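Visitor:
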Amino acid sequence: MGSRTFINYSFTALDVAAITIGDDVQIGPNVQLLTPTHPVEPGPRRDKLEAARPIVIGDNVWIGGGAIVLPGVTVGENSVIGAGAVVTRDVPANVVVVGNPARVVKNL
Numbered sequence: 000m001g002s003r004t005f006i007n008y009s010f011t012a013l014d015v016a017a018i019t020i021g022d023d024v025q026i027g028p029n030v031q032l033l034t035p036t037h038p039v040e041p042g043p044r045r046d047k048l049e050a051a052r053p054i055v056i057g058d059n060v061w062i063g064g065g066a067i068v069l070p071g072v073t074v075g076e077n078s079v080i081g082a083g084a085v086v087t088r089d090v091p092a093n094v095v096v097v098g099n100p101a102r103v104v105k106n107l
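Quick note: the sequence shown uses numbering that gives the first Met the number 0, first residue 0, plus one each step.
#1: Cα-Cα, which of ALA92, HIS37, ALA16, ASN59 is closest to ARG52?
#2: What are the partner residues of PRO35, as DSSP defines its beta bridges?
#3: Tell me, which residues are paired with THR19 by DSSP?
#4: Looking at C-alpha atoms only, which residue of ASP22, GLU40, ASN7, ARG3 is the closest neighbour of ALA66?
#5: Which of the three DSSP states, helix, strand or coil, is assigned to ARG45?
#6: Contact between the region 10-28 and the region 40-59: three or more CB pairs below 8 angstroms?
#7: Identify which residue in ASN77, LEU69, PRO35 has its Cα closest to the Cα of ASP22.
#8: Is it buried or exposed, GLY42, if we count other Cβ atoms within 10 angstroms and call 16 or more buried?
#9: CA-CA distance, GLN31 and ASN106?
#10: Quick one: using the 10 Å Cβ neighbour count with 16 as the cut-off for buried, is VAL103 buried or exposed?
#11: Which value, in whole angstroms, describes the spacing of the CA atoms of VAL85 and LEU69?
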């Protein structure tokens, strides 16, 4: 975790793989960073197979309350993730993303 980063209450960091959080990041309440993945196929899932993919949060990112960042996602510097967003893929630098799945709605 980087310098001057603030994390609000009820934060979940399920770190089966690495989670990297940059400098000056603001994380709202009830945010979840989830690195584990499970098979979609019923047999391997029943066998309790699990993997994980790292999450990287760039410098000066703001993650709104209740947002969920899924395995393997990288969030570029200066970006904003709106409250309640579900981030399923990489977020470029200098954008605002919202929704489920999260999508770019504004360039900064």
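Cβ atoms here follow ideal geometry from the backbone N, Cα and C, with glycine treated the same way.
Computed from a predicted model, the values in this text were never measured in an experiment.
Guide: By the coordinates alone:
#1: It is ALA16.
#2: According to DSSP, PRO35 bridges with ALA51.
#3: Bridge pairing for THR19: VAL55 [DSSP].
#4: For the residues ASP22, GLU40, ASN7, ARG3, the minimum Cα distance to ALA66 belongs to ASN7.
#5: It is helical.
#6: Yes, the region 10-28 is in contact with the region 40-59.
#7: Nearest to ASP22 by C-alpha distance, out of ASN77, LEU69, PRO35, is ASN77.
#8: Per the 10 Å Cβ criterion, exposed.
#9: For GLN31 and ASN106, the distance between alpha carbons rounds to 24 angstroms.
#10: Exposed.
#11: C-alpha separation (whole angstroms): 7 angstroms.
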